[in-house]
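Following my numbering, the numbering of the sequence shown begins with 20 at its first residue and continues without gaps. We treat Cβ as the ideally placed atom computed from N, Cα and C, and that holds for glycine. For clarity, every value in this text was computed on a predicted model and none was experimentally measured. Step one of this worksheet: look at the structure below.
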Amino acid sequence: MKGLTKRLSCLAMAAIMIGSLAACKKSDKAPSGLTEATNNVMEALIGRGGKKLKKTGDFSEGSLMTIDLMSDCDAVSAVMDKATFEMDADSIKETKKGTSVKVVVTLPDAGAALEDAEDEDEFIDAIKDQKEKSYTKINLTLKFEVDEDKYTLTNGDDVVSDLFGGDLGEVNAAFGKIKGLPDPTDEPPTSSDDFDPTPTPMPTDPPKASSDVYDVVVYQDDKTVIHFNKVDSDGVHFTVDNLAAYEITVQCDSLAIDGISILDYIMSDKVAGGTSGEVVTKCELENIPQKIGTVSGQLNIVDFDDYSNTYPALFDTTVIDSSVAPAPAPTGTLLYSDDYLQVYFKELTGDGAVFEMVNPTAQDVEPRITALAINGRNITDPTWYDCELAPHSMGNLVTIQDDSIDPSEAVGTISAQFEVNNDMSNYETYFATITTTVIDPNVTFTPPALEGTVIYEDSNVKI
């Protein structure tokens, strides 16, 4: 489920160094620039580091999204953590158009583990227990454009598809972003010992809370048309017209109803080629209004067989019913504002420090907290629940409660820093720094005393 697990996984994968990677064989036949370029590509692929991968060559938005999807899946991580690669120096071909080289990736047999696994935990255990003699190999061909010893990968989409299609694509489809969902095809268990010849009346489920039903197109291109339908206790319902000839899987990156981003959801629904199908962003909403005013967000159109067909379907605020009042304004204290983000401190709760985050743009924005101090006291290693904001929406970023945060503490001052991803397709980030800001001037506090011997001091820091 999107949330804490995804964020911690993303942080780990963004900076991971794969210790098990086999370095390329050195050979007189392999130019040093080619060896280095191949290593850079393969380490970024196996580590699923989209930002690093983008620096190595040309990749479509769909391929980079695939890398992002794969980095969020613990089952895929279990496989790739054991992956090694080797460059075949004898395969190097140099032409006027560029240089190509073959690379062999050796990794656990994900298909075999998937056949017998009932859930993700069983799959991961099977991968851990698999002997190396049972591993499989994937052959890749890397093609580079060469300009004064600089090697730029030119067939990145093919390489991503060859490596992450097939079995790994099936693994991600089974476990990526849909963790914990029961299999809807499973029959409830029965036992002859429990047979009761006397019929028992089935309990009557309470009627589902539901909004009015609509048919409003929120996104369309030459491959996909997305209609908003309704909100009910199951989640947010859309109909997707798949105009392509191949099957697609629809997943969700961000979604806002009436200007409020939904931050905890799961979605991975298939629509066959040339058909229309219902897809649901499954979530629990506290209050379901009868009328829906606006919808915004980004759904991902994924083709697991050919990732070059994968792309984001971003839709800015779309009016569903103009009679609905606009979303409420933030209630907290404004700490920071720029063209991409507004940050308000709201309160301390049992969950942690709550910030109201406003996205004033027509694109996805994802803020992540990197530093936090309350009343001059540093909160060590703050972590957060997922906060991917849909276009023109507001959502709460909550730091996780630990011993450093007392919800009953009166807050006098706040300082913090957020890393903001304001261009999801290009992995563009910047830092939003909040210097000490007074929340309540009536709160008095004594900053913690420094202990130990000062070994360094300047105008910015004392150690």
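Excluding five sequence neighbours on each side, which residues of the same chain lie with their C-beta closer than 7 angstroms to the C-beta of LYS44?
-> As a position in the sequence shown, residue 44 is number 25, starting the count at 1. Because the pLDDT at LYS44 is just 40, under 50, the model does not fix this residue reliably, and the point stays unresolved.
Entirely within the segment 88–165 and at least 4 residues each: give me those alpha helix (DSSP H) ranges in chain order.
-> 93–99, 129–135, 139–148
Buried or exposed by the 16-neighbour rule on C-beta atoms within 10 Å, applied to THR472 | Mapped onto the sequence shown, residue 472 falls at position 453. So THR472 ends up on the exposed side.
Quick one: what does DSSP say ALA192 is sitting in, helix, strand or coil?
-> On the sequence shown, residue 192 is found 173 positions in, with the first residue counted as 1. Looking at ALA192 - three-state DSSP - the assignment turns out to be helix.
Near ALA381, which residues of its chain fall below 6 angstroms by C-beta distance, leaving aside the five closest residues on each side in sequence?
-> Here residue 381 is taken as the residue at index 362 of the sequence shown, counted from 1. So the list reads ASP335, PRO410, once near-sequence residues are dropped.
Validate contact between the segment 293–305 and the segment 247–262 using beta carbons, cut 8 angstroms, 3 pairs | yes
Check whether LEU88 and GLY195 have beta carbons under 8 angstroms apart | In the sequence shown, residue 88 corresponds to position 69, counting from 1. In the sequence shown, residue 195 corresponds to position 176, counting from 1. Contact: yes.
What residues in its chain sit with their C-beta under 8 angstroms from that of ILE311, if we drop five residues either side in the sequence?
-> As a working mapping, residue 311 is identified with position 292 in the sequence shown. So the list reads SER230, ASP231, TYR233, PHE247, LYS249, VAL250, ILE276, ASP277, ILE339, ASP340, VAL343, once near-sequence residues are dropped.
Indicate the three-state DSSP secondary structure (helix, strand or coil) for ILE419 in the structure shown.
-> Numbered from its first residue, the sequence shown carries residue 419 at position 400. Three-state DSSP puts ILE419 in coil, outside helix and strand.
Cβ-based burial, ALA31 [other Cβ within 10 Å; buried from 16] = The residue labelled residue 31 in the question sits at position 12 within the sequence shown. Unreliable positioning characterises ALA31 in this predicted model, as indicated by a pLDDT of 38, which lies under 50. A coordinate reading is not provided.
Taking buried to mean at least 16 other C-beta atoms within 10 Å of its own C-beta, is TYR475 buried or exposed?
-> In the sequence shown, counting from the first residue as 1, residue 475 sits at position 456. With fewer than 16 Cβ atoms within 10 Å of its Cβ, TYR475 is classed as exposed.
Does DSSP put MET84 in a helix, a strand or coil?
-> Here residue 84 corresponds to residue number 65 of the sequence shown, with the count starting at 1. Here MET84 sits in helix by DSSP.
To the nearest angstrom, how far is it from the Cα of VAL165 to the Cα of ILE419?
-> The residue you call residue 165 lines up with position 146 of the sequence shown. The residue you call residue 419 lines up with position 400 of the sequence shown. If I take the Cα positions, the gap works out to 48 angstroms.
LEU274 - DSSP class collapsed to helix/strand/coil | The residue you call residue 274 lines up with position 255 of the sequence shown. The answer is strand: DSSP assigns LEU274 an E or B state.
Contacting residues, own chain, Cβ-Cβ under 7 angstroms from THR432 (five flanking each side not counted) = Residue 432 sits at position 413 when you count from the first residue of the sequence shown. If we look at THR432 and ignore the five residues flanking it on each side, its Cβ neighbours are ASN394, GLY395, THR455, THR456, VAL457, ILE458.
ASN58: first and last residue of the uninterrupted beta strand (DSSP E) it sits in = Translated into the one-based positions of the sequence shown, residue 58 becomes position 39. Taken as a continuous stretch (DSSP letters only), ASN58 belongs to no beta strand (DSSP E), being part of the alpha helix (DSSP H) at 51–66.
Does the separation of the CB atoms of LEU172 and LEU187 fall below 8 angstroms?
-> The residue you call residue 172 lines up with position 153 of the sequence shown. The residue you call residue 187 lines up with position 168 of the sequence shown. Not closer than 8 angstroms, so no.
Quick one: which unbroken beta strand (DSSP E) runs of 3-plus residues sit fully inside the segment 259–344? Chain order, please.
-> 267–276, 287–290, 295–301, 313–321, 330–338
Cβ of GLY117 within 8 angstroms of Cβ of PHE163?
-> By one-based count along the sequence shown, residue 117 stands at place 98. By one-based count along the sequence shown, residue 163 stands at place 144. In contact: GLY117 and PHE163 (Cβ atoms closer than 8 angstroms).
Residue environment, GLU167, which counts as buried when at least 16 other CB atoms sit within 10 Å = Locating residue 167 in the sequence shown gives position 148, where the first residue counts as 1. The residue in question, GLU167, is exposed, as its Cβ has fewer than 16 Cβ neighbours within 10 Å.
Taking C-alpha atoms, which residue in LYS156, LYS152, THR155, VAL178 lies nearest to ARG67?
-> As a first step, residue 67 must be located in the sequence shown, where it is residue number 48. Ranking LYS156, LYS152, THR155, VAL178 by Cα distance to ARG67 puts VAL178 first.
Ends of the alpha helix (DSSP H) at ASP181?
-> Within the sequence shown, residue 181 is the residue found at index 162, counting from 1. First-last of the alpha helix (DSSP H) with ASP181: 175–183.
Supposed contact pair LYS156 and VAL190 - C-beta distance, whole angstroms, cut 8 angstroms | Along the sequence shown, one-based indexing puts residue 190 at 171. Along the sequence shown, one-based indexing puts residue 156 at 137. 17 angstroms between Cβ atoms; not a contact.
Can at least three beta-carbon pairs, one atom from the segment 90–102 and one from the segment 56–72, be found at a separation below 8 angstroms?
-> yes
What three-state label does DSSP hand ASP231 in the structure shown?
-> Here residue 231 corresponds to residue number 212 of the sequence shown, with the count starting at 1. ASP231: coil per DSSP, three-state reduction.
Reduced DSSP category for LEU187 - H, G, I as helix; E, B as strand; rest coil | Here residue 187 refers to the residue found at position 168 when the sequence shown is read from its first residue. LEU187 falls in the helix class under three-state DSSP.
Write down the C-beta distance between LEU126 and ALA97 rounded to the nearest angstrom, noting that I regard them as a contact closer than 8 angstroms.
-> Along the sequence shown, one-based indexing puts residue 126 at 107. Along the sequence shown, one-based indexing puts residue 97 at 78. Incorrect: roughly 10 angstroms between the Cβ atoms, too far for contact.
Residue range of the unbroken beta strand (DSSP E) whose run includes LYS169 | For the purposes of this step, residue 169 is identified with residue 150 of the sequence shown, where counting begins at 1. 169–172 is the extent of the beta strand (DSSP E) around LYS169.
Compute the beta-carbon to beta-carbon distance between LEU416 and PHE374, rounded to the nearest angstrom, for a pair I have assumed lies under 8 angstroms.
-> The residue you call residue 416 lines up with position 397 of the sequence shown. The residue you call residue 374 lines up with position 355 of the sequence shown. With 8 angstroms as the limit, LEU416 and PHE374 qualify as a contact, their Cβ atoms being about 5 angstroms apart.
Whole-number beta carbon distance between VAL237 and VAL314, since they are thought to touch under 8 angstroms | Mapped onto the sequence shown, residue 314 falls at position 295. Mapped onto the sequence shown, residue 237 falls at position 218. The Cβ separation is near 6 angstroms, so the contact holds.
If you count every other CB in all the chains shown that lies within 10 Å of the CB of THR463, and 16 or more means buried, which is it?
-> Here the question's residue 463 lines up with position 444 in the sequence shown. Its Cβ having fewer than 16 others within 10 Å, THR463 is exposed.
Which value, in whole angstroms, describes the spacing of the CA atoms of SER327 and LYS152?
-> Numbered from 1 along the sequence shown, position 308 holds the residue referred to as residue 327. Numbered from 1 along the sequence shown, position 133 holds the residue referred to as residue 152. Those two C-alpha atoms are separated by around 33 angstroms.
Mapping DSSP to helix, strand and coil, what is GLY69?
-> As a working note, residue 69 is residue 50 in the sequence shown. The answer is helix: DSSP assigns GLY69 an H, G or I state.
Can THR452 and GLU438 be called in contact, C-beta distance under 8 angstroms?
-> Start at 1 with the first residue of the sequence shown, and residue 452 comes out as number 433. Start at 1 with the first residue of the sequence shown, and residue 438 comes out as number 419. No, the Cβ-Cβ distance between THR452 and GLU438 is not below 8 angstroms.
So, helix, strand or coil for ALA435, using DSSP?
-> Position 416 of the sequence shown holds residue 435. It is a strand residue.
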